[in-house]
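J.: Sending over a structure as structure tokens; questions will come in a sec.
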Amino acid sequence: MCGVAGFISKRLSPVDCLTSMVESIMHRGPNDSGLWVDDDFGVCLAHARLSIQDLSSAGHQPMHSKSERYVMIFNGEIYNHLTLREELIEIVPSYWNGHSDTETLLAGFEVWGIEQTIQKCVGMFAIVLWDKVLKQLILIRDRFGEKPLYYGWQRDTFLFASELKALKAHPSFEGSINRQALSHFFRLNYIPTPLSIYEGIFKLEPGVIAVFSHEGQLLSKQTFWDASHAVSLQNFSDHDAVDKLDDLIKQSIQDQALSDVPLGAFLSGGVDSSTVVGILQSLSTRPVKTFTIGFDHADFNEASEASDVAKHLGTDHVELIVSAEDALAIINQLPVMYDEPFADASQVPTFLVSKLAKKEVTVCLSGDGGDELFCGYNRYHYTAKVWSYLEKIPFPIRKMLSVFLLTLSPSSWDVLSKTLGLNTRLPNLGNKTQKGAQALKARDIEDLYTRVVSNWDLDEPLVKNTAVEKLPFLSDLTELSHLNDLEKMMLWDKQSYLMDDVLVKTDRATMACSLEGRVPLLDHRIAEFAASLPIHLKYRGGKGKWLLREVLYRYVPKKLIERPKKGFSLPIAEWLRGPLKDWANVLLDSDRFDKEGFLSSELVQKKWGEHLAGKRDWSSQLWSVLMFQLWLEKNK
Numbered sequence: 001m002c003g004v005a006g007f008i009s010k011r012l013s014p015v016d017c018l019t020s021m022v023e024s025i026m027h028r029g030p031n032d033s034g035l036w037v038d039d040d041f042g043v044c045l046a047h048a049r050l051s052i053q054d055l056s057s058a059g060h061q062p063m064h065s066k067s068e069r070y071v072m073i074f075n076g077e078i079y080n081h082l083t084l085r086e087e088l089i090e091i092v093p094s095y096w097n098g099h100s101d102t103e104t105l106l107a108g109f110e111v112w113g114i115e116q117t118i119q120k121c122v123g124m125f126a127i128v129l130w131d132k133v134l135k136q137l138i139l140i141r142d143r144f145g146e147k148p149l150y151y152g153w154q155r156d157t158f159l160f161a162s163e164l165k166a167l168k169a170h171p172s173f174e175g176s177i178n179r180q181a182l183s184h185f186f187r188l189n190y191i192p193t194p195l196s197i198y199e200g201i202f203k204l205e206p207g208v209i210a211v212f213s214h215e216g217q218l219l220s221k222q223t224f225w226d227a228s229h230a231v232s233l234q235n236f237s238d239h240d241a242v243d244k245l246d247d248l249i250k251q252s253i254q255d256q257a258l259s260d261v262p263l264g265a266f267l268s269g270g271v272d273s274s275t276v277v278g279i280l281q282s283l284s285t286r287p288v289k290t291f292t293i294g295f296d297h298a299d300f301n302e303a304s305e306a307s308d309v310a311k312h313l314g315t316d317h318v319e320l321i322v323s324a325e326d327a328l329a330i331i332n333q334l335p336v337m338y339d340e341p342f343a344d345a346s347q348v349p350t351f352l353v354s355k356l357a358k359k360e361v362t363v364c365l366s367g368d369g370g371d372e373l374f375c376g377y378n379r380y381h382y383t384a385k386v387w388s389y390l391e392k393i394p395f396p397i398r399k400m401l402s403v404f405l406l407t408l409s410p411s412s413w414d415v416l417s418k419t420l421g422l423n424t425r426l427p428n429l430g431n432k433t434q435k436g437a438q439a440l441k442a443r444d445i446e447d448l449y450t451r452v453v454s455n456w457d458l459d460e461p462l463v464k465n466t467a468v469e470k471l472p473f474l475s476d477l478t479e480l481s482h483l484n485d486l487e488k489m490m491l492w493d494k495q496s497y498l499m500d501d502v503l504v505k506t507d508r509a510t511m512a513c514s515l516e517g518r519v520p521l522l523d524h525r526i527a528e529f530a531a532s533l534p535i536h537l538k539y540r541g542g543k544g545k546w547l548l549r550e551v552l553y554r555y556v557p558k559k560l561i562e563r564p565k566k567g568f569s570l571p572i573a574e575w576l577r578g579p580l581k582d583w584a585n586v587l588l589d590s591d592r593f594d595k596e597g598f599l600s601s602e603l604v605q606k607k608w609g610e611h612l613a614g615k616r617d618w619s620s621q622l623w624s625v626l627m628f629q630l631w632l633e634k635n636k
């Protein structure tokens, strides 16, 4: 795992600029760094290296191909590079200086060409390649966007890097905030690809090869893999499907366990991480290092569940119970860690468990991706079921019902429920009525999905001077006619939430600790297999991830898994009324909002007052505002 950075410009001193950029991301690669400049065209490349494979100087980057045609900087891992190298050795036996996957990639580009080589690769990667012959800069991002890659123009300079902080280190960087991206942030708790928080700066889409001229002009964008295209239904018996998935996950974990440094795994005790750890331990001759964070708050502590799984599997388990003070101490670091506004509260425990793991290993496997591939989120079934009823009711009638439900405030509905003695059977009626009213306004499944995943309601004008726009990752529904409603929502999550929330959270948290995170369930062969399966192999008996659970039960008893899930998050609602109250009051000050000019002070103050009074739980909405305010303070 590493960090990449660079730019195209003939105007500025390249070495000074490159040095500043690479120094800003040395946490991604503290073992080595390198610079390269093409003086004729002003192409400048920098690399920070975290040594995982080939720890020698033969793995140093920027790396040149044997013919000197290509110069490359590369972040990520090609898990099947030894298999590819065996093929290449038969064609170019005298090519090799070391045994890094970077060298394998460059050999592949020269022998097979760029696209064919990338199609052969199994792994995670963000690649920047300078072609000296064609005078072109090529940017490539892996199939799921596991590794980040930003690019764009600032003034007269074309910039690119693994993290925004590297772009900001360049003197040409201006940093005008993109209000539409900000509006999307408050709906999703993250900024969706291809947008970034800054005008003119973009995230490269996953599965894309983008080619730029030596002047930084986009020449072409080619998609080499798309989650929406990886669908071709196959018929499997239950037993055959379980065998097939078991074999695929074993192969992926064998590939991803390849490392020249110590390796371990995160373990929460849930289905996904337990599957990864169970199979990893079955393939190992020694106890696997596993890591768990627990909280001294019973409702958010899954440490005992993880410990039970670890004990059954015989792993070398490390557990840390953290207090509210431990978690609160790192909150002010989050804007620096994440570069742009990010409000998934599980970012805190993710960083803490990464910090714990780094004390003993350099590579850690996680179970991310299982929910999106195998229908794990409850909202898939719930939303599809709700829509099956709503679509039968004419829209004008639904709209009138929505208006009626909204005539009373959520707190008034709660009072009414209590007065009628319904509060035990219908707890939080106000929240449920509000959500129901929003659902009634939906015109199609895409609209309903948008309302379900939106943190702030679409009708709340939180960000000033913006209009409600369609989320950038949503496809034309006519293109998805081959999918049922459950599958559409799974696809949308794979195209955005997985990449821009789950994987961003893991990448930034692990890299802040100079730890490489790997995600075996996102091997594209597993993803393609999952997409080919009928829904009954994913969702059955009122539960998601049926097939993945059946694989897991081969390694871990069902009784250790089928327990209520508490979630890998924080008691934010409680903390905002307690230890975080004074901190939040400063960031939510009305005068501050008016001076900054981004958010509606009136809207935020209303929610803040209701939350403090215990009338409503607005912790999720307030946390997103606080994360933006804190980010703004740290990035002025």
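In case it helps, the UniProt record's numbering puts the sequence shown at residues 1 to 636. In this text, a Cβ means the ideal position worked out from N, Cα and C, and glycines have one as well. These figures come from a predicted structure and were not determined experimentally.
Who are Phe291's beta bridge partners in DSSP?
T.: For the purposes of this step, residue 291 is identified with residue 291 of the sequence shown, where counting begins at 1. Bridge partners of Phe291: Phe266, Val318.
J.: To the nearest angstrom, how far is it from the Cα of Asp131 to the Cα of Tyr380?
T.: One-based indexing of the sequence shown puts residue 131 at position 131. One-based indexing of the sequence shown puts residue 380 at position 380. Distance between the alpha carbons of Asp131 and Tyr380 is about 45 Å.
J.: If Ala327 sits next to Met627, beta carbons under 8 Å apart, how far is it from one beta carbon to the other, in whole angstroms?
T.: Within the sequence shown, the letter at position 327 stands for residue 327. Within the sequence shown, the letter at position 627 stands for residue 627. About 14 Å; that fails the 8 Å criterion.
J.: Note down, in chain order, each residue of its chain lying with its Cβ closer than 8 Å to the Cβ of Glu87, except the 5 sequence neighbours on either side.
T.: Position 87 of the sequence shown holds residue 87. Contacts found: none.
J.: Straight-line CA distance for Tyr377 to Glu574?
T.: Along the sequence shown, one-based indexing puts residue 377 at 377. Along the sequence shown, one-based indexing puts residue 574 at 574. Distance between the alpha carbons of Tyr377 and Glu574: 25 Å.
J.: Shortest alpha-carbon distance to Ser183 belongs to which of Asn455, Asp582, Leu521?
T.: In the sequence shown, residue 183 corresponds to position 183, counting from 1. Looking at the Cα atoms, Asn455 is the closest of the given residues.
J.: Which stretch, first to last residue, makes up the beta strand (DSSP E) that contains Asn75?
T.: Here residue 75 is taken as the residue at index 75 of the sequence shown, counted from 1. Segment 70 to 78, the beta strand (DSSP E) holding Asn75.
J.: Applying the 10 Å Cβ sphere with the 16-neighbour rule, what's the burial state of His229?
T.: Working through the sequence shown from its first residue, we reach residue 229 at position 229. When all chains shown are included, His229 counts as exposed.
J.: With DSSP run on the structure shown, which of helix, strand or coil describes Val415?
T.: Locating residue 415 in the sequence shown gives position 415, where the first residue counts as 1. The answer is helix: DSSP assigns Val415 an H, G or I state.
J.: Quick check on Leu576: buried or exposed, where buried means 16 or more other Cβ atoms within 10 Å of its Cβ?
T.: Taking the first residue of the sequence shown as 1, we reach residue 576 at position 576. Buried.
J.: Considering Cα atoms alone, identify which of Trp623, Cys17, Leu429 is closest to Ser412.
T.: Looking up residue 412 in the sequence shown gives position 412. The shortest Cα separation from Ser412 among Trp623, Cys17, Leu429 belongs to Leu429.
J.: May I ask you to list the residues that DSSP assigns as paired with Ala210?
T.: By 1-based counting over the sequence shown, the position of residue 210 is 210. Note: Ala210 sits in a beta bridge opposite Leu139, Lys221.
J.: Would Lys66 pass as a contact of Tyr150 if the rule is Cβ separation under 8 Å?
T.: Position 66 of the sequence shown, counted from the start, is the residue given in the question as residue 66. Position 150 of the sequence shown, counted from the start, is the residue given in the question as residue 150. Cβ atoms of Lys66 and Tyr150: not closer than 8 Å.
J.: Since Pro148 and Ser162 are thought to touch, with beta carbons under 8 Å apart, how far apart are those beta carbons, to the nearest angstrom?
T.: Your numbering for residue 148 matches position 148 in the sequence shown. Your numbering for residue 162 matches position 162 in the sequence shown. The pair is a contact, with the Cβ atoms about 5 Å apart (cut-off 8 Å).
J.: Could you give the first and the last residue of the continuous alpha helix (DSSP H) run that contains Arg398?
T.: On the sequence shown, position 398 is the one that residue 398 refers to. Looking at the DSSP string, the run of the alpha helix (DSSP H) that includes Arg398 is 395 to 405.
J.: Write down every uninterrupted run of the alpha helix (DSSP H) in the segment 90 to 119 whose length is 4 residues or greater and which is fully enclosed by it, in chain order.
T.: Listed in chain order, they are 101 to 112.
J.: Using a threshold of 8 Å, state whether the C-beta atoms of Val415 and Arg518 are closer than that.
T.: If you number the sequence shown from 1, residue 415 lands on position 415. If you number the sequence shown from 1, residue 518 lands on position 518. No, the pair does not count as a contact, with Cβ atoms beyond the cut-off.
J.: So, are the CB atoms of residue 640 and Leu405 less than 8 Å apart?
T.: No statement about residue 640 is possible, as the shown extent of the chain runs from 1 to 636 and does not include it.
J.: Nearest-angstrom Cα distance between Gln621 and His64?
T.: As a first step, residue 621 must be located in the sequence shown, where it is residue number 621. As a first step, residue 64 must be located in the sequence shown, where it is residue number 64. The alpha-carbon atoms of Gln621 and His64 are separated by roughly 48 Å.
J.: I want to see whether chain D comes within less than 8 Å of His81, judged by CB atoms only; does it?
T.: Among the chains in the structure shown there is no chain D, since it carries only a single protein chain.
J.: With distances taken Cα to Cα, identify the nearest neighbour of Leu483 among His60, Pro534, Trp225, Val502.
T.: In the sequence shown, residue 483 corresponds to position 483, counting from 1. Looking at the Cα atoms, Pro534 is the closest of the given residues.
J.: Since Thr506 and Asp339 are thought to touch, with beta carbons under 8 Å apart, how far apart are those beta carbons, to the nearest angstrom?
T.: As a position in the sequence shown, residue 506 is number 506, starting the count at 1. As a position in the sequence shown, residue 339 is number 339, starting the count at 1. Actually they are not in contact, since the Cβ atoms of Thr506 and Asp339 sit about 15 Å apart, beyond 8 Å.
J.: So, helix, strand or coil for Ser532, using DSSP?
T.: Residue 532 sits at position 532 when you count from the first residue of the sequence shown. It is coil, neither helix nor strand.
J.: Could you pull the start and end residues of the beta strand (DSSP E) that Asp457 belongs to?
T.: Start at 1 with the first residue of the sequence shown, and residue 457 comes out as number 457. Run containing Asp457: none; DSSP gives neither H nor E here.
J.: Do you know offhand how far Ser590's Cα is from Val453's?
T.: In the sequence shown, the residue the question calls residue 590 occupies position 590. In the sequence shown, the residue the question calls residue 453 occupies position 453. Using only the alpha carbons, I get a separation of about 28 Å.
J.: Measuring alpha carbon to alpha carbon, tell me which residue in Pro335, Lys399, Ser284, Pro349 is nearest Ala303.
T.: Start at 1 with the first residue of the sequence shown, and residue 303 comes out as number 303. Residue Pro349 is the option with its Cα nearest to Ala303.
J.: Which residues does DSSP list as the beta-bridge partners of Trp153?
T.: Your numbering for residue 153 matches position 153 in the sequence shown. In DSSP, Trp153 forms a bridge with Phe158.
J.: One question on the structure: do Ala46 and Val22 come within less than 8 Å of each other, judged by their Cβ atoms?
T.: Along the sequence shown, read from residue 1 onward, the residue named residue 46 stands at position 46. Along the sequence shown, read from residue 1 onward, the residue named residue 22 stands at position 22. In this structure, Val22 lies closer than 8 Å to Ala46 by Cβ.
J.: Under 8 Å between the Cβ atoms of Phe295 and Val322?
T.: Stepping through the sequence shown from its first residue, residue 295 is reached at position 295. Stepping through the sequence shown from its first residue, residue 322 is reached at position 322. Their beta carbons are under 8 Å apart, which means Phe295 touches Val322 by this criterion.
J.: With 16 as the cutoff for other CB atoms within 10 Å, does Tyr389 come out buried or exposed?
T.: The residue labelled residue 389 in the question sits at position 389 within the sequence shown. With fewer than 16 Cβ atoms within 10 Å of its Cβ, Tyr389 is classed as exposed.
J.: How would you call Thr285, buried or exposed, if buried means at least 16 neighbouring beta carbons within 10 angstroms?
T.: Along the sequence shown, one-based indexing puts residue 285 at 285. Classification for Thr285: exposed.
J.: DSSP on Phe185, reduced to helix/strand/coil?
T.: Your numbering for residue 185 matches position 185 in the sequence shown. Reduced to three states, the DSSP call for Phe185 is helix.
J.: Terminal residues of the continuous alpha helix (DSSP H) containing Ala573?
T.: Taking the first residue of the sequence shown as position 1, residue 573 is located at position 573. Per DSSP, Ala573 belongs to the alpha helix (DSSP H) from 572 to 576.
J.: Could you say which of Ala169, Pro571, Gly609, Glu550 lies nearest to Asp238 if we only look at CA atoms?
T.: Residue mapping note: residue 238 aligns to position 238 of the sequence shown, counting from 1. Residue Glu550 is the option with its Cα nearest to Asp238.
J.: Over what stretch of residues does the beta strand (DSSP E) that includes Val43 continue unbroken?
T.: Taking the first residue of the sequence shown as position 1, residue 43 is located at position 43. That run of the beta strand (DSSP E) goes 43 to 49.
J.: Considering just the uninterrupted stretch of the beta strand (DSSP E) at Glu516, what are its terminal residues?
T.: Position 516 of the sequence shown, counted from the first residue, corresponds to residue 516. First-last of the beta strand (DSSP E) with Glu516: 516 to 518.
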